[in-house]
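Chemist:
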Amino acid sequence: MNIGMFELQQLQALERPLVDAQQEAIRNHCERSAAMLREHGMSSEPWLDIVQDHHERPDDSGYPAHMPSR
Ligand SMILES: [Fe+2]
Numbered sequence: 001m002n003i004g005m006f007e008l009q010q011l012q013a014l015e016r017p018l019v020d021a022q023q024e025a026i027r028n029h030c031e032r033s034a035a036m037l038r039e040h041g042m043s044s045e046p047w048l049d050i051v052q053d054h055h056e057r058p059d060d061s062g063y064p065a066h067m068p069s070r
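In terms of full-length UniProt numbering, the sequence shown opens at residue 1 and continues consecutively.
Quick look at the structure:
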């Protein structure tokens with residue numbers, strides 16, 4: 001579910017706050033992860049939904065879509 005974070009691992013070593021583009025890249029990792037899995041042949045929509053929604057929360061406080069969990 002976090003394969004989309006692989007390219008962002010270097011951000012953990014930064015000693016300054018993340019810039020907006022970096023924060024947005026992190027927020028988008030759920031969608032990026034699902035897209036990468038699709039590109040590599042994953043076709044199970046329930047699995048892809050779980051990956052894409054894994055930071056969504058029942059109280060809408062999650063991301064990226066701020067929607068209740070499915
Ligand atoms: Fe994640």
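Glycine residues also receive a C-beta, built at the ideal position from the N, C-alpha and C atoms.
(1) If you drop the 5 nearest sequence neighbours on each side, which residues of the same chain put their C-beta closer than 6 Å to that of ALA34?
(2) If you reduce the DSSP assignment to three classes, tell me which class PRO46 lands in.
(3) Assess, as a yes-or-no matter, whether the segment 27 to 46 is touched by the segment 2 to 13 under the definition of 3 or more beta carbon pairs within less than 8 Å.
(4) In chain order, what residues of the same chain have a beta carbon less than 8 Å from the beta carbon of LEU8, not counting five sequence neighbours either side?
(5) Distance, Cα to Cα, ASP60 vs HIS54?
(6) In chain order, what residues of the same chain lie with their CB nearer than 7 Å to the CB of MET67, ignoring the 5 residues before and after it?
Modeler: Walking through what the data contain:
(1) Along the sequence shown, one-based indexing puts residue 34 at 34. Correct list, in chain order: LEU48, VAL51 and GLN52.
(2) Start at 1 with the first residue of the sequence shown, and residue 46 comes out as number 46. In the structure shown, PRO46 sits in a helix (DSSP, three-state: H, G or I).
(3) yes
(4) As a position in the sequence shown, residue 8 is number 8, starting the count at 1. So the qualifying residues of the chain are GLN22, ALA25, ILE26 and HIS29.
(5) Against the sequence shown, residue 60 aligns to sequence position 60. Against the sequence shown, residue 54 aligns to sequence position 54. Rounded to whole angstroms, ASP60 to HIS54 spans 12 Å at the Cα level.
(6) Counted from its first residue, the sequence shown places residue 67 at position 67. Result list for MET67: GLU56 and ASP60, in chain order.
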